[in-house]
Structure formats: C-alpha cells, structure tokens
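What follows is a set of notes on a single structure, which appears directly below.
See the structure below:
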C-alpha cells in the first residue's frame, strides 16, 4: 500500500511543468493590411451601396463629381458631373447627390451611365450640407437653410435660421441640428418641426478652432484639428449632455466617424479608432502610409483612402 | 467483526484493536496478566508482544471510554493466532458543564481550525490562502493572500490577532501574511454585519486566535521547497510561558538558481513572532511581537521593453494586553500596541524616445494607541463595551511606483503626504434573549477616523432564531478611511450598509448546510479624478452563498460552497463617476480532507470561478508626448478560473517527534489561469500574466 501511494505521488510530481511565461502578442488582435491601390484623382470620397462617389477639385475653381466601382485590378468610372464652379460639400443618397456649391443647392441624379442636374434652388453660395430623413440642411454663410426634399424634383425651403456668425460646421440627427459658429460656439437647434426650428441651447467648446461635426450612435463628435482632439457629447432626449469625453490625437488633420470603426489621418499614418465603446473612443491600430491621404471612408471592414493621385484599399482584420 | 488473519509463533502475540462500532483503530493498552508493564498499540491499532512466557493465560485490552476486554490464551499453548479485538464504547460521565453565553456563535461566523488549516493545499504556510476557499471570498491572484470579499476591495478587510488590529498583515502585494501558521489556533471570518467590536473595515474581519498556552514544552519545525519555519513554546513555570517562532522563505534563491528571473515575482521575507504570557493573581499579561522584513523584485519584459520594480520593506508590531476576570461573568481586557511599517519602492519603466523613467516611492506608517474592553456574560445575555484611542502617522514621498504593475506608465503624479492624526472608537454591544429561542444583539459603534473631521456612528443589529433551523439576520453600517495617499481637506470615511439573512440547518450531526443572502451598498467611495480626489463614488453588491460543511470527524472534514455575487462599484482610478463590475460573479469551492487509520492523509481543494473582472484595453490616445491607455467603460471578465490542489501526507513518529511528511501539488491540471495583462509603452503589445503553474513541493513538519 505504501509503495503504491509513493509511486502515485512521485508520478504526479514528475509532471512538473514551469510553463507560466507567456509570449508577447498583439494587444487587441486588430490588424490593418493595405491590399490594393488604384490610379484615381480626387479630394473627397463617399461610399454608398457599393459605389464610390468622388469629389475632385481642379486648379481653376472647377469641380467634378463622379461615381465609380472597383472591378478586380481596375476601377471603372460610371458617370461624371462637371461643374465650372467650386463644389464645397456633397452628400449622397443614391441615386441622388446633394451639392453645396457656389451656385447654392443642387440635386444631381447619377445613373450607371450619366449624371444630370435633377433640380436646384437659388440660394446664396453654400458651404456645408447635411441630410436627415427627407430634409437637407445647408449652411450659407451665417444662415441655415432647411430644405424639404421629399420630392427631389421640386425641393422647397421650409425654414431659414440666421446666426450671428459664419457657420463653420454642421451635423444633424432626427431631432437636433448642431451648428458651430465663430470657432467657439455650438448651437443646438431643435428641428423636430422643420418649419419652425428652435434654438434650444448654446455651449462653448473648451478650445478655439473650427470643428468638424459628426452625428452617429446617438453622440455628437466634434473634431478639432487645431488642437488635435475629438470631443464626444451624448445626445439625450432633452438636448445635449454637456459632460463630454475626449480623445487626444497626434497631429491629425482629418477624422472619419464610422459605425464600428473610425479613423484619423496625419501626414503618414492612419490611426484606426475603435467606436464600439462610444462615447469612449480609442486608437486601436496604426498603419503607416507612403502617401498623404486627403480623405477616406470605411465600409464594413474595408477602408478607402484617397490621396491626390491614388485610391488605396486597406482591410481591418481581427483575431489574436 | 473479529477477523483472524494469520498466526505467529508461540512466544509472540500480535493483534489489532478496533472500535467495535466504527471500526476505527484504537491506541489501546494491552497487558498480560504476568507482566507489570503495559503495551500501547500504535496509531494503526496494532500491537506485538514478544517473549510471552508459558503460563500466561490472559490478555487485557483497555482504552479510555471503552469497556475492557480480556482474552484467554489458554486454548493456544503453542501457537497464538493474530488477534482482532473490537472494544465496545462506553458512555462517559462528565461533570456538569456551565455553558457561557459567548459560546453562542452566530451562523455568519466561519471558523477554520488549525488541524484543517495545515492540510489545505497551498494554505499550509498561510492562513489567508485557506480563507480563499470560503464562500464569498476570492483572490486577485494565486500567489497572493489578498482577499476580495463580497464585492469589496483589497484594502477593505481588517485583521485582528488576539483582539489587536494588525496594521500590515501582508508582505508586499499580499505574497504572504506575516503570521506563522504554527502560532495560530483557529480563525473566525466575518463577512456580513459583524459585531460592534470590530470596525475600520467595510468588507470583512478576520479574527485570528493564537494557540492556547499549555504548561508543557512544545514546538514545531517545518521545511519545504519554499519556506522553513520553527516554533518553540516554553513554560518557565506555571506563571510564565514563552513562545517564539521564525520563518524564512527561499523562493528567491530557488527561482534565481533555476534562472527564472523575468515575468515572475521573486519574494524574500523573514518573519519573527513572539509571545510571552504571565499569569498573575491580577490577571494574565500577554505580550505579542511581530518583526518582518521583505525584499521583492518583479521584472517583466514585453516586446523588448523592460519593467522593473524593487521593494524593500520592514515592519514591527508589539502589543501588551492585560486580561482580567473579575468574576465568572465579568471579563476585562485592555492594552497598548505600537505598530510601524516602512517601505521603499524603486520602479523603472520605458520612457519617451528610448529613455528609462525611474521612480522612487517611500512609505512610512505608524499606529499606536491603547484600548480597554469589558464584557459581562450570563447565560445568553452578554454586554460588552470598549474603546480605544491613539495616533496614526502616515508619510508618503514620490509617485506610486507600484502603479507600473497596473499598466500605468506615467509616474509623474507625486503624492507627498506627511500627516498625523488621532483616531478613537467606542462601542457598546448587548445580546439578550427576546423570547426563547430568539436572540437579539444590538450594537453601536462610534468612530473618529484620522483626517475625517467628524465622528461616524455604526449601528449593528443581529437577530438569531436559535431553533431548527437556525435563522440569522443582520444589519449594519461599516465605515473605514480611504487610503491615506489620497486624503484631501474633505476626506470622508466611506461605508457599506449591509443587510443579510442566513439559514443554517444541521442536516446530520456531521453536516451543516448554510445559505445566506446579502445586499451591500457602498457610499462615499474614493474616486481619483486626476486633479483632485473626491468621495462621491458608490456601488453595491448583492449575492447568495450556499455551503455544506462536514465537520471534522476523525480527520475527515470538508466543505463545498457556491457564491454568486452581482457587484458593481466605482473604481478609484476612474475620472468619471461610473460603477462597473467588480470581481468574480460565480465561485465554486470544494475542500475535502481525510485522515486514514494508517496515518496517511489526503486533502483535495477544487476552485472553479468566473474569471476576474478587469478593464479591457480598448486602445490609446496621445497625451502631450506619449501614448496613454484607454480602457473599456465596463469591466469584462477574464477566462474561467480553474484550480485543483492536492495534499498528500503521512503522519510520522521519529526521534521522539511526531509530524507529517507531505507532498502538495498546486494546480494539478496545470490550467493556465490568467491574472491579467502587461503592456509595452505604446500599448500595442501585451503579455498575459499567468497564475500558479503546476507546482509540486515536498515538505516535512515535526512537532513535539
């Protein structure tokens, strides 16, 4: 009996295994991989239902907008809308593209073969455009135009709201329009009744600078490229929660806010932003770039990056 | 019952003696009618008597508490068979026993005795490792004796040794406690609404009782692959007794010689503990002393970057207590204690642009004071009151170097604190029978904490239905001070409001089942806002604990317990007020020990639990000139925790010593339990820190 017990004990003891040192591994299992590049000129890009819409400014205050799709190793341009004036901003709700330009407000209808002016409104030169439901919000200097586009053939101005300073940025959701003026002030406008917008609150940003405003996930994201940070405010039923969280960034000039991920750009890096814990944002991966991108967009796990001469495709991969 | 196995030669008589009912071997006395001396059976109950002369005709077998048996040898003139003798137990008549009221124990008091403690795998040398098997308790790490109790934090537990609070019961990070197990008689663990006698802790109280002081010389010597210790108890006469013990671990020597110096804690500590007891007509004077020294190195290498932390510490505590029994019903005890502790930490982490950041942290704490308690007991009625006052000194210089272990790569925040303030407490507790079998215990505790500029009152109510089953209810407020390095002008004592209800049922004389529900609300929790510290944090813990305990019966004991805890609380490291998951929601523990008749013993300990709650790293942000981590707003849980330990032992008797040779195997399945993660300076790479691998170690423990 004693021998059996001793044998069992020694057998177990012989299984000594000091393998408690672990290997280094990627902290979050998120990787970025540059998979393709195409010759393409443009300044801004929007992805909509498998089609890329690109705004390209030329050197003579003229602009082009074209739609294209990627086919294997090549890129196919479907239709182009050429304007001999500057298009400042655009928004896509396929098949319509809404323009804020020197000419005011225009709606262009894109098909697979052509792009035609569908309708337009004679308003002052417009600089920023945003879309929510059946309305577009267009910033013209210090005025906010609310335009009903239920019938794209005949858009109607529902309301005009004047602010004391030039509008620098604009974002909307179904209840509120967020309007930044004079580099400091954020105006919160209730647009539940679009024909009677009501200024419900104003708040002062913690730092000077033009902000790019984005609304997503029930939050307002305010990107300040002067001081390199994003402020995140929670939109509540009774307005904007003034307590904000923030993400500090390293010398970036462009921010894209997506569904699961966003990204910011500096001169030679793309910094992927994890959005899943919004309003807590964090840079979760970095990818070095050989060229300086101007803008970009994410569709699911694909990132489209536009430089002055190329379109780069990168993929987000996960798994430790 | 009587089984004849084999025979021996005529001049030798052999046999074995059993209890007739339980078949447990008895160390009975065996004598032959013509012999003057008596032979004593060994622990297996066997005996061999040689040189039995002709004419011997009877064998007398006797044992205390049993009816003696006489066997006639006449029928075996030449060959005496191997005898198997079953003795019949007798009822023992005892003098009447006066049961004092303080013997009434509330069901929420969990007791583990020394005999159980020394065989629980991994707890042979550390009382706190045994605590980790009790319901409602979990630990942040296998290596450490630190405790999370019912959603509480590590610093929210109080430890009393023979009634005196121990300021620093742990070595650095809780690697080990400062107590020698051989000095401990038993411990009580209270996690609910504990009596008014105890304060300064919102989560739990561990009351350790030292071993009784017999009037015989005794001692213990223990050595294994990790640690060696000794204890010597010496009564000078019937008045004065001394007890001393020391211990020293040499895991540092072992690991360094094995070349294991990275990604592991390399601890060194040496502890001395002493006790002098003087019995006089005025009462008993007890002096306890603790002297500890430690040195710990932690080095980790992550993606080519090195993190290093070196800790030097020492502490000493002395206390003197005067116990006096005025009458059979009135007992008083009072005394003085002085405790101080110093620690120096040196940390290194990668800095900006390939530089190394250094940090040095110095901590000095001192607490001294006096106390006096009085207790009256008469039957179920108990009245107790007491108070104490003293001074708490705290000095802290430099940044918190230890933060580098928590993934905090900035050592720029300096906590220079030099403070000293008085503390005081007074309590009164009364127990009485409302209407038999209902017992009520009402208590009120008044506390004045250092730097908290106002008194706090802690009412405690405990109700017991002392029938079948026993039903217990408790309610209490429990206060404590925050860590002193965070104190501000508006320092508040934080508290937990506890309500609990338990049912204890004796299923069988050997088995007791217990179920308890509790709800704890935490208020005034500290929150480190970066620029200031505020005390507006909160939290809660709701839970249920179920346990079934088998009481020690001839070396067979054990318990199985399941705990569910849903707890959320403000983290001290959060800049925002938010509550997040705390610790493990599900914990299942199983402990079973069995001592066999032949002197072998085995104890099995199994622990299964949800992984510990932790803040998952989401990513980073760029702050000024470096990357800073951003964690998820809600805590996630690490992978499931599993650990099975086993302790094999064999009782031995050598050179006049009795003792045990044992083999303990920790984490026998070698399950890789993750304790947490360390990150490199830009938080792009991580390294999992595993807990205990499979570790077998052999030891021997001798007593006399």
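Chains as they are written, first to last, in our numbering: chain A, 48 to 367; chain B, 71 to 774. Beta carbons are placed, not taken as given, at the ideal position from N, Cα and C, and that holds for glycine.
Counting along the chain, residue 317 of chain A sits inside the beta strand (DSSP E) bounded by residues 316–321. Residue 80 of chain A and residue 358 of chain A have their alpha carbons spaced roughly 14 angstroms apart.
Note that the C-beta distance between residue 369 of chain B and residue 331 of chain B is below 8 angstroms. Rounded to the nearest whole angstrom, the C-alpha separation of residue 567 of chain B and residue 191 of chain B is 35 angstroms.
Looking at the DSSP output, residue 729 of chain B sits in a beta bridge with B:722 and B:772.
Nearest in C-alpha terms to residue 417 of chain B, of all of B:534, B:443 and B:379, is B:379. Setting aside the 5 residues that flank it on each side, residue 422 of chain B is surrounded in the same chain by 695 and 696, each with a C-beta closer than 8 angstroms to its C-beta; the list follows chain order. Runs of the beta strand (DSSP E) spanning 3 or more residues and lying entirely within the region 377–442 of chain B occur at 400–420, in chain order. Taking 8 angstroms as the upper bound for CB-CB distance, residue 278 of chain B and residue 230 of chain B are in contact here, some 7 angstroms apart.
Neighbourhood of residue 297 of chain A in chain B, by CB distance below 8 angstroms: 692, in chain order.
At a cut-off of 8 angstroms between C-beta atoms, residue 314 of chain A does not count as an interface residue with respect to chain B.
Taking the beta carbon of residue 731 of chain B as reference, no residue of chain A falls within 9 angstroms; the closest one sits roughly 10 angstroms away.
Between residue 469 of chain B and residue 485 of chain B, the C-beta gap is smaller than 8 angstroms, which places the two residues in contact. DSSP places residue 200 of chain B outside any beta strand (DSSP E); the residue lies instead in the alpha helix (DSSP H), whose first and last residues are 197–201. Around residue 327 of chain A, the beta-carbon contacts reaching into chain B at under 9 angstroms are 688, 700, 701, 702 and 703. C-alpha of residue 533 of chain B to C-alpha of residue 177 of chain B: approximately 11 angstroms in a straight line. Inclusion of residue 180 of chain A and residue 221 of chain A in the CB contact set at 8 angstroms is warranted, their separation being smaller than that value. The straight-line gap separating the alpha-carbon atoms of residue 726 of chain B and residue 594 of chain B is approximately 58 angstroms. At a C-beta separation below 7 angstroms, residue 324 of chain A has these neighbours in chain B: 688, 702 and 703. Using a CB distance cut-off of 8 angstroms, residue 758 of chain B counts as an interface residue toward chain A.
In the DSSP assignment, residue 88 of chain A falls outside any alpha helix (DSSP H), carrying neither H nor E. Within the same chain, 181 come within 7 angstroms of residue 197 of chain A by CB-CB distance, once the 5 residues on both sides are set aside. Contacts between residue 495 of chain B and chain A, judged by CB atoms closer than 7 angstroms, are missing: the closest CB pair is about 39 angstroms apart. Out of B:773, B:400, B:689 and B:200, the CA that lies nearest to the CA of residue 353 of chain B is found in B:400.
With a threshold of 8 angstroms between beta carbons, residue 294 of chain A makes contact with chain B. A Cβ-Cβ contact shorter than 8 angstroms links residue 169 of chain A with residue 151 of chain A. The way I'd put it, the region 295–306 of chain B doesn't touch the region 254–274 of chain B; fewer than three beta-carbon pairs between them come closer than 8 angstroms. From the listed residues B:274, B:255, B:716 and B:293, the smallest Cα separation to residue 264 of chain B is found for B:274. A buried status is given to residue 294 of chain A, since no fewer than 16 other beta-carbon atoms sit within 10 Å of its beta-carbon.
Using a Cβ-Cβ distance cut-off of 8 angstroms, the region 73–92 of chain A and the region 114–126 of chain A are in contact, since at least three pairs of beta carbons, one from each stretch, lie closer than that value. In the three-state reduction of the DSSP assignment, residue 473 of chain B falls in the helix class. Here the region 709–719 of chain B makes no contact with the region 332–343 of chain A; the two share fewer than three CB pairs at distances below 8 angstroms.
By the C-beta density criterion, residue 304 of chain B is exposed, having fewer than 16 other C-beta atoms within 10 angstroms. In this structure, A:291 is the residue among A:291, A:275 and A:272 with its C-alpha nearest to the C-alpha of residue 281 of chain A. Proximity of chain B to residue 330 of chain A at the Cβ level (cut-off 7 angstroms) is accounted for by 689, 690 and 691, in chain order. Between residue 236 of chain A and the set A:141, A:225 and A:155, the nearest pair of CA atoms involves A:225.
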